[in-house]
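Chemist: The numbering of the sequence shown is my numbering, which starts it at 10 and goes up by one. All residues carry an ideal CB built from backbone N, CA and C; glycine is no exception. Input: one structure, supplied below.
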Amino acid sequence: MPEHNSKESYIKEIKNQVDNYEQTVFALLAFANHARWDEEYQTYIPESQFSIGRRMSPEKGDTVTPDLVVQRTQVYGLIVEAKKTFPKEKNYWIDTLKQLKRYDGKLKGWFTNDEFIDTSDLVLMIHYPRAPAITEYIEERCREGELSFQNNFSIVSFVIEEKLYFINLEKRYGEIYDKYINDSLKNICRFPMEKLLCEKRREIKFYDDEPPMPYLLQILWHDVFSNMKEDYPEDYPFDHERRCTPIPINVKDLTEILQKYYG
10 MPEHNSKESY
20 IKEIKNQVDN
30 YEQTVFALLA
40 FANHARWDEE
50 YQTYIPESQF
60 SIGRRMSPEK
70 GDTVTPDLVV
80 QRTQVYGLIV
90 EAKKTFPKEK
100 NYWIDTLKQL
110 KRYDGKLKGW
120 FTNDEFIDTS
130 DLVLMIHYPR
140 APAITEYIEE
150 RCREGELSFQ
160 NNFSIVSFVI
170 EEKLYFINLE
180 KRYGEIYDKY
190 INDSLKNICR
200 FPMEKLLCEK
210 RREIKFYDDE
220 PPMPYLLQIL
230 WHDVFSNMKE
240 DYPEDYPFDH
250 ERRCTPIPIN
260 VKDLTEILQK
270 YYG
């Protein structure tokens, strides 16, 4: 019986990890959609662009890879970092938050001719249940001078309403330069998951964090290997001993294929 309970706990933990990862991808897509939206014309701003896991270069130090880079216009954009979970011990929170400092300031790598932009904001996306505690912690660190930001900094929480199949975004702290984004996120913004699933089918399945192994295996099986079989003729040799059709593949090709699913 203890072994059975342990197995159930393990399966539950793995499912939670997969759900957390997938929900974070959805949250990043929802924010990217919202930040590019033109409320007046009810469409995406034509010049707007976004990238999940885009490499950026600070004025000093090594290159950085924020979870999401959204360029709303040629002169304004947002750098977004998503944290579905935080360490249980608060002592480690400051280390997580100091990572954000690497994205603060002037970064090179935007979708402009010189790869720079006039104004950019920094956004931390966190899961709704942790939002009050983390927001309070950040406010204290900022008041005490332990944490400060050069650019506008804000916290946006996200949560999925599973019964209604919506994802909700809400600004919990700070200010965003763009008035539409800032004011709209003061109240809960709801996004239908059906639309995001269509976005996700555009081959965005990963963000800049290591995916849980079951999630990766699922992508490989359903989106990679199953499509590879179509590249081979119907009379391709069937392995009767293994009772399968072996598909030759190498790590280099597989890596290139998976990179297409990375935003």
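How about Phe-158 and Leu-116: are their beta carbons less than 8 Å apart?
Modeler: In this structure, Leu-116 does not lie closer than 8 Å to Phe-158 by Cβ.
Chemist: Return the chain-ordered ranges of every alpha helix (DSSP H) run that is complete within the segment 168-194 and spans a minimum of 4 residues.
Modeler: Taking only runs of at least 4 residues, the alpha helix (DSSP H) segments lying wholly in the segment 168-194 are 188-193.
Chemist: Could you give the DSSP three-state label for Tyr-30: helix, strand or coil?
Modeler: Helix, per DSSP.
Chemist: For Gly-86, which beta-bridge partners are listed by DSSP?
Modeler: Answer by DSSP bridge pairing, in chain order: Gln-80 and Ser-129.
Chemist: Compare the beta carbon distance of Gly-86 and Ile-126 with 8 Å and say whether it is the shorter of the two.
Modeler: A contact, by the Cβ cut-off of 8 Å.
Chemist: Between the segment 152-166 and the segment 221-237, do three or more beta carbon pairs fall short of 8 Å?
Modeler: Verdict: no, contact absent.
Chemist: Applying the 10 Å Cβ sphere with the 16-neighbour rule, what's the burial state of Ile-20?
Modeler: With fewer than 16 other Cβ atoms within 10 Å, it is exposed.
Chemist: Quick check on DSSP: helix, strand or coil for Trp-119?
Modeler: In this structure, Trp-119 counts as coil in the three-state DSSP scheme.
Chemist: Beta strand (DSSP E) containing Cys-198: first to last residue?
Modeler: Cys-198 -> beta strand (DSSP E) spans 198-201.
Chemist: Using the C-alpha atoms, what's the distance from Ile-23 back to His-13?
Modeler: With a pLDDT of only 47 at His-13, under the threshold of 50, the placement of this residue in the model should not be trusted, and no figure is reported.
Chemist: I think Glu-179 touches Leu-194, with their Cβ atoms under 8 Å apart; what is that distance to the nearest whole Å?
Modeler: Confirmed, about 6 Å.
Chemist: Verify whether the separation of the beta carbon atoms of Leu-77 and Leu-109 is less than 8 Å.
Modeler: No. Outside cutoff.
Chemist: With a threshold of 16 other CB atoms inside 10 Å of the CB of Glu-90, please say whether the residue is buried or exposed.
Modeler: Answer is buried; the Cβ neighbour count reaches 16.
Chemist: Of the residues Tyr-137, Tyr-146 and Leu-263, which one's Cα is nearest the Cα of Val-233?
Modeler: It is Leu-263.
Chemist: Return the Cβ separation of Gly-62 and Tyr-182 in integer angstroms, given the expectation that the two are a contact with Cβ distance under 8 Å.
Modeler: Their Cβ separation, rounded to whole angstroms, is 25 Å, which puts Gly-62 and Tyr-182 out of contact at 8 Å.
Chemist: Going by C-alpha distance, which of Thr-121, Phe-40 and Ile-88 is nearest Lys-204?
Modeler: Comparing Cα-Cα distances from Lys-204 to each of Thr-121, Phe-40 and Ile-88, the minimum goes to Phe-40.
Chemist: Taking the alpha-carbon positions, what's the Asn-100 to Asn-42 distance?
Modeler: Their Cα atoms are separated by approximately 34 Å.
Chemist: Do Thr-52 and Lys-93 have their C-beta atoms within less than 8 Å of each other?
Modeler: Not in contact: Thr-52 and Lys-93 (Cβ atoms no closer than 8 Å).
Chemist: Are the beta-carbon atoms belonging to Trp-9 and Tyr-174 less than 8 Å from one another?
Modeler: Because the chain here runs from 10 to 272, residue 9 falls outside it and cannot be looked at.
Chemist: Under 8 Å, do Pro-96 and Thr-82 count as touching if we go by C-beta distance?
Modeler: Cβ distance not < 8 Å, so Pro-96 and Thr-82 don't count as in contact.
Chemist: Would you list the one or two residues that DSSP bridges to Ala-91?
Modeler: DSSP, once it has assigned bridges, lists Met-134 as partnering Ala-91.
Chemist: For the putative contact between Thr-121 and Tyr-186, defined by C-beta atoms under 8 Å, what is the C-beta separation to the nearest angstrom?
Modeler: Contact doesn't hold; Cβ gap of about 17 Å is too wide.
Chemist: Asp-28: which of Lys-214, Val-260 and Trp-230 sits nearest, CA to CA?
Modeler: When each option's Cα is compared against that of Asp-28, the closest is Lys-214.
Chemist: Could you give the C-beta distance for Val-79 and Ala-44, rounded to a whole number, given that I count them as a contact under 8 Å?
Modeler: Confirmed, about 4 Å.
Chemist: Mind reading off the beta-carbon distance from Ala-36 to Ile-176? Whole number of angstroms is fine, and I expect it under 8 Å.
Modeler: So it is a contact: roughly 6 Å between Cβ atoms.
Chemist: Less than 8 Å between the C-beta atoms of Gly-118 and Ser-57, yes or no?
Modeler: No, the pair does not count as a contact, with Cβ atoms beyond the cut-off.
Chemist: Here's the rule: buried if 16 or more other CB atoms are within 10 angstroms of the residue's CB, otherwise exposed. What is Leu-38?
Modeler: Label assigned to Leu-38: buried.
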